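Position 99 of the sequence shown, counting from 1, maps to 98 under numbering that gives the first Met the number 0, and the rest follow consecutively.
Report on one structure; see the data block that follows.
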Amino acid sequence: MEEGEYRDTYHEFNQLRCIFEKSILSRQTMCEHAHRFCLADREGVACNNNQANSQCEILLSHLRSKALFALKLTKIDGPLPHAKEVKVQTGGMLGLSTIVTDGNSPKEIVENIFSLIEQAKHKFGNLDALPYDEIARQIAQYQGRKRAKR
């Protein structure tokens with residue numbers, strides 16, 4: 000299957016792409032609304048809740064804009080490179096987990112993105128009120144998997 004065909008089939012099959020797909024596929028986050036699927040020889044993640052997907056989209060937009068310095072960027076003009084996107088998604092969720100638990104139980108894996116966002120909204124009132132400076136520190140500290148030596 001050629002790349003163009005794959006993308007077309009992917010978009011037909013996955014009507015509501017999970018916003019945190021890269022992080023979920025890295026096996027460092029999970030979500031109650033995520034549905035994994037295989038297409039050709041690749042894996043994808045769909046979201047089964049429109050409201051949760053919209054909420055995640057808003058949060059990820061905030062995370063990207065607040066993490067510019069951590070990513071060593073001055074602006075974002077389109078999609079981020081894969082490693083930087085994983086850094087924002089995974090580091091952002093780990094940072095959010097840390098602030099929701101007041102730093103008492105930092106985790107290496109976020110077990111439910113949707114639940115974590117709901118807890119953060121309950122604690123801070125809304126997504127705009129989150130302490131993004133603290134979350135951006137976690138994004139900066141996050142290191143993805145190291146490449147295997149060949």
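Even glycine gets a Cβ: it sits at the ideal position worked out from N, Cα and C.
Computed from a prediction, not measured in an experiment: that's the story for all the values here.
6 angstroms Cβ shell around residue i - same chain, five flanking residues per side excluded
| i | result |
| --- | --- |
| Val44 | Cys17, Glu20, Ile23, Ala33, Arg35 |
| Tyr131 | Lys65 |
Within 9 angstroms, strictly: CB atoms of residue i and residue j
| i | j | result |
| --- | --- | --- |
| Gly102 | Ala66 | no |
| Ile138 | Thr28 | no |
| Phe68 | Ala128 | no |
| Phe113 | Asn49 | no |
| Cys46 | Leu15 | yes |
| Lys106 | Ser96 | yes |
In DSSP terms, what residue i is bridged to
| i | result |
| --- | --- |
| Thr28 | Val109 |
| Arg16 | Ala45 |
Integer-rounded CB distance, given that residue j should sit under 8 angstroms from residue i
| i | j | result |
| --- | --- | --- |
| Asn125 | Cys30 | Not confirmed; about 20 angstroms, so no contact. |
Own chain residues within Cβ distance below 7 angstroms of residue i, not counting five before or after
| i | result |
| --- | --- |
| Gln54 | Ile116 |
| Tyr141 | Lys86, Thr89, Gly90, Leu93 |
| Leu58 | Ile116, Leu126 |
| Glu133 | Gly94, Ile98 |
| Asn52 | Leu15, Ile18, Cys46 |
Cβ shell of residue i (< 8 angstroms), same chain only, five flanking positions each side left out
| i | result |
| --- | --- |
| Val99 | Leu115, Gln118, Ala119, Lys122 |
| Lys74 | Leu67 |
| His81 | Lys21 |
Please list the segments of the beta strand (DSSP E) lying wholly inside the segment 34 to 115, counting only runs of 3 or more residues, in order along the chain. For the segment 34 to 115, the full-length beta strand (DSSP E) segments reaching 3 residues or more read 41 to 46 along the chain.
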